[in-house]
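Beneath this line is the structure, given in structure tokens, with notes to follow.
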Amino acid sequence: MTEAIRTEGLVKTFGRTRALSGLDLAVPTGEVHGFLGPNGAGKTTTIRVLLGLIRPDGGTARLLDGDPWADATRLHRRLAYVPGDVTLWPNLTGGEVIDLLGRLRGGLDRRRRDELLERFELDPRKKGRAYSKGNRQKVALVAALASDVELLILDEPTSGLDPLMEEVFQQVIREEKRRGDRTVLLSSHILAEVEALCDRLTIIRDGRAVESGSLADLRHLTRTSIEADLAGRPAGLADLPGVHNLRTDDGRVRFDVDTDSLDAALRQLTAVGVRGLVSQPPTLEELFLRHYQRGGDQPSRTATAEVAR
Amino acid sequence: MTALAGTGQLSRLILRRDRVLTPLWVVFIAVVPLSYVASINELFPTAAQRADYAHLMQHNASFVTLYGLLTGSSLGELVSWRAGFIPGMIGLFSILTVVRHTRTDEEAGRRELLGATVVGRHAGLAAALLTTFAANALLGALLALGMTSQDLPVAGSWAFGLEFTLSGWVFAAVGAVAAQLTTGARSARGIAILVLGVAYVLRVVGDLSATGNGALSWLSWLSPIGWVHRIHPYGGDRWALALLPVGLAALLVLAAVTLAARRDIGAGLLPPRLGPASAAPGLRSPVALAWRLHRGLLAGWVAGFAALGVVMGGVAEGIGDLVRDTPELADVFRRIGGAQGLIDSYLAGTLGLFGLISAGYAIQATLRLREEEAVGHAEAVLGTATGRLRWAASHLVFALLGPAATLAASGLAMGLTHGLNSGDPGRELPRVLAGAMVQLPGVWVLAAVAVVFFGLLPRVAAASWGALAICMLISIVGPALRLDQWILDVSPFTHLPHLPGGEATATPLVTLTLLAALLAAAGLLGLRRRDIPGV
């Protein structure tokens, strides 16, 4: 399997700020890859390195088997990029910008363009200054999605879109996925979106990848919450490795358990006799929060607020 | 007054953002009339000579067009008359400043960011007006103090300062109204500058009529520029006339506030128009995009330069009359080459000024790169299969060829007007055109300085304007202040041949062009190696 993107030990500093400190990221061809992290984690910096807009201070980056800095122009023919903060020329209409960007990339599919305009309910005749943030985002999305390219790099593409349009966006990306030959790097801090669209994901924090794998892999790392009404007092539950936050209240126990220890924990419960059982499946959100609350320092609070949005 | 809450903070923000540009402008404009004192004193040291000169100028249509009516021949009156074109320039600067801090901010969404904080709904407008009014008041006071220091009458000097201040106030208020009308800063600027243009034309037609039968002289009374001229510093000091511009400015501010209260933030009173749903087939390259972004500005500059050329070319022959009609001054003029020599030195001096102004265009066109980068447009273009050099070149084409177009337009217009006046267009047109075109290498050096800043020190790219200000000071006040030659040599314009009339040498042209190419190459090399900063 070939790789569309690979970075190893990527480092980038701006003055005294260390935006990336050894970031590893690998995206196989044909995959929709979620790139998850709160604001300021280094998502946009990584993308700007991949686009050859900034040069890393350390580490390597490969993009479509080329060097993103040295081969920028050649590589950009094969990719389309949607920035997180889209600004349009005030005196060009949305339609003009879509066509121009498409042509500068080397052509765009006329029919696809018109179809996307309709699905995103975008009026292409308005001047750039007249669009709202969401509509500016749509202009960049239509320009990127209507281009016949191998790689889509989308930096928080749905910020500013309303829920209806977010749904349209998800449909379109699912269609892209079915084609099978397009790679998508989707940076986001919206977990539901990543869960709905991505095959695999990388979670970054403070400029470093802290977790990477398929959704199933990552869920495996999380804990299930168990709440049970028991016939008697459970014995030995507290001694089991992988059981956390155990609280006992008469015949009622509540605890979180690592996926590996789930089986052993349930055995303990059934040995006593289970009258009622509620189990909460592991969510990505929980995993995310766990990563960002570890340490309990400033960035983690931002992360919590971000997820709560 | 909750509607004005936060005006103080916003004013400080404006002062912070304009901390380089506005002081430079204020000092520069206050200094220019001082150089007139020196040059008039030198050319016409006695009262009799000044009276002769004034007598001639009073009836010269071209000078009346440019400077206004001359009513007396004292040193102060001659200086304030000679500075008669400056109120229009102050008006322009005030319009641009007010629109930049109101509608431009609103269009960019910065106003919204501030509007959500504890800032009253009129605070933005109030802060823009307050700072512009204050800058103009300071400019007037500096001018008055400067003129007093030259031993000119104190009352007249303050009246002179008032003339400048009030022209700024009126047009700042015009800009404030225009900024409420449209959603785009560009159209707001256009509307306000149109008003300024109409005021100028009314003043010109009225004044010209006054030198003849006077049938239309009342038109000058419809123009704020006519009003401030008629304060007549040093020649009556008609203070009461100040009430007209002050009253108009007050009315306009009131109108702007009323309009602002009736509309939403971001909206205008004139509805935005729809454009084409898809791009024209030609819009497919970086340079085609750059053409879309530069063409309006370039067309404006070319038209403005052609108009300037007509006016300045029309005056030239009148300067020759000065020599022919005043035998008493013949001696003075013979030293500088007689009528022809005087006309040529005027033409060459004017063309040198055109060169400096064109360098302003060249820097503006170059810094468009920085602007595109700072707002994030560059990222969109560089994210496509467009290399950095190709992107930079698409804008630099305008920095290189735009000044060629403005200078050619002014040279052609000036040569043709002067040629038709003197009866020999076949001789004058190529001479004047050549004098205009030799300015190009000097213009290119300044554009290249802007490329160096953009490529190597993008954060301080606006310092390129400082380079232009230095060249302007050297060219305009350097000779009058008798600065050392090595200081004069700093400006590329010092090295250009003085055409028509002077010696035509190719060496400085080639050297300066090479220097410009080297500087530009260094800047572009820097651009290739540096990061493109995020928004």
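Residue numbers (the numbering used here), protein chains in the order written: chain H, 14 to 322; chain B, -6 to 528.
Where a beta carbon is used, it is the ideal one built from N, C-alpha and C, also for glycine.
CB contact below 8 Å: residue i versus chain B
i	result
residue 109 of chain H	yes
residue 55 of chain H	no
residue 323 of chain H	Past the edges of chain H, shown from 14 to 322, lies residue 323 of chain H, and the structure says nothing about it.
residue 119 of chain H	yes
residue 113 of chain H	yes
residue 316 of chain H	With a pLDDT of 37 at residue 316 of chain H, under the threshold of 50, the predicted position of this residue should be treated as unreliable, though the coordinate-derived value follows. No, because no Cβ of chain B sits closer than 8 Å to the Cβ of residue 316 of chain H.
residue 122 of chain H	no
residue 258 of chain H	no
residue 15 of chain H	no
residue 269 of chain H	no
residue 152 of chain H	no
residue 116 of chain H	yes
Exposed unless 16 or more other CB atoms sit within 10 angstroms - verdict on residue i
i	result
residue 227 of chain H	exposed
residue 243 of chain B	exposed
residue 321 of chain H	With a pLDDT of only 35 at residue 321 of chain H, under 50, the local geometry of the prediction cannot be trusted, and no value is derived from it.
residue 351 of chain B	buried
residue 236 of chain H	buried
residue 201 of chain H	buried
residue 256 of chain B	exposed
residue 180 of chain H	exposed
residue 402 of chain B	buried
residue 175 of chain H	exposed
residue 498 of chain B	exposed
residue 73 of chain B	buried
Opening and closing residue of the alpha helix (DSSP H) in which residue i lies
i	result
residue 188 of chain B	178 to 204
residue 268 of chain H	Counting along the chain, residue 268 of chain H falls outside any alpha helix (DSSP H), though it belongs to the beta strand (DSSP E) covering 265 to 271.
residue 120 of chain B	116 to 142
residue 109 of chain H	107 to 118
residue 132 of chain H	123 to 132
residue 89 of chain H	85 to 89
Test: residue i CB closer than 8 Å to a CB of chain H
i	result
residue 70 of chain B	no
residue 528 of chain B	yes
residue 275 of chain B	no
residue 290 of chain B	no
residue 175 of chain B	no
residue 451 of chain B	no
residue 362 of chain B	no
residue 272 of chain B	yes
residue 115 of chain B	no
residue 368 of chain B	yes
residue 286 of chain B	yes
residue 448 of chain B	no
residue 106 of chain B	no
residue 268 of chain B	yes
Unbroken beta strand (DSSP E) run spanning residue i, endpoints
i	result
residue 140 of chain H	Neither: residue 140 of chain H is in no beta strand (DSSP E) and is coded neither H nor E.
residue 48 of chain H	45 to 49
residue 34 of chain H	30 to 41
residue 293 of chain H	287 to 293
residue 17 of chain H	16 to 27
residue 436 of chain B	Where residue 436 of chain B is concerned, there is no enclosing beta strand (DSSP E), although the alpha helix (DSSP H) it sits in stretches over 433 to 449.
residue 163 of chain B	Per DSSP, residue 163 of chain B belongs to no beta strand (DSSP E); it is in the alpha helix (DSSP H), 147 to 174.
residue 94 of chain H	92 to 95
Residue i CB to nearest heavy atom of the ligand ZN below 7 Å
i	result
residue 198 of chain B	Although the ligand ZN was asked about, the structure shown includes no ligands whatsoever.
Is the segment 105 to 117 of chain H touching the segment 184 to 194 of chain H, taking contact as three or more C-beta pairs under 8 Å?
Counting C-beta pairs with one atom in each stretch, the segment 105 to 117 of chain H and the segment 184 to 194 of chain H have fewer than three that are closer than 8 Å, which means they do not touch.
Output, in sequence order along the chain, the residues in the segment 82 to 100 of chain B whose CB is closer than 8 Å to any CB in chain H.
When CB distances to chain H are screened at a threshold of 8 Å, the residues of the segment 82 to 100 of chain B falling below it are 100, in chain order.
Which residues, in chain order, does the segment 26 to 48 of chain H contribute to contact with chain B at a C-beta distance below 8 Å?
So nothing in the stretch comes that close.
Contact set between the segment 512 to 526 of chain B and chain H, restricted to residues whose Cβ is under 7 Å from the partner
Those residues of the segment 512 to 526 of chain B that come within reach of chain H (Cβ to Cβ, closer than 7 Å) are 524, 525.
Could you please tell me which residues of the segment 374 to 390 of chain B, in chain order, have their CB closer than 9 Å to any CB of chain H?
Cβ contacts with chain H come from 374, 375, 376, 377, 378, 379, 380, 381, 383.
Report the residues of the segment 61 to 94 of chain H with a CB closer than 9 Å to any CB of chain B, ordered along the chain.
Of all residues in the segment 61 to 94 of chain H, 61, 64, 65, 66, 67, 68, 85, 86, 87, 88, 89, 90, 91, 92, 93, 94 have a Cβ within less than 9 Å of some Cβ in chain B.
Three-pair Cβ contact test at 8 Å for the segment 492 to 507 of chain B versus the segment 357 to 366 of chain B:
Flag = no, the segment 492 to 507 of chain B and the segment 357 to 366 of chain B do not touch.
Please list, in chain order, the residues of the segment 131 to 143 of chain H that have any C-beta partner in chain B closer than 9 Å.
The residues in question are 136, 137, 138, 139, 140, 142, 143.
Three Cβ pairs or more, each shorter than 8 Å: is that satisfied between the segment 42 to 62 of chain H and the segment 200 to 220 of chain H?
Output reads yes: the segment 200 to 220 of chain H touches the segment 42 to 62 of chain H.
Per the contact definition of three or more C-beta pairs closer than 8 Å, is the segment 61 to 79 of chain H in contact with the segment 105 to 115 of chain H?
At 8 Å Cβ cutoff, the stretches do not touch.
Please identify, using Cβ separations under 9 Å, the residues of the segment 175 to 189 of chain B that lie next to chain H, in order along the chain.
Result list: 176, 177, 178, 179.
Count the C-beta pairs between the segment 241 to 256 of chain H and the segment 202 to 212 of chain H that are closer than 8 Å, then say yes if the count reaches three, no if not.
The segment 241 to 256 of chain H, when compared against the segment 202 to 212 of chain H, does not touch it at the 8 Å Cβ threshold.
Report yes or no: do three or more beta-carbon pairs, one from the segment 192 to 204 of chain B and one from the segment 144 to 158 of chain B, lie closer than 8 Å?
Result no; under three Cβ-Cβ pairs closer than 8 Å.
Which residues, in order along the segment 494 to 513 of chain B, keep a beta-carbon less than 9 Å from a beta-carbon of chain H?
Listed in sequence order: no entries.
Within the chosen definition, does the segment 333 to 351 of chain B reach the segment 364 to 380 of chain B through at least 3 CB pairs nearer than 8 Å?
The segment 333 to 351 of chain B and the segment 364 to 380 of chain B do not touch, with fewer than 3 CB-CB distances between them shorter than 8 Å.
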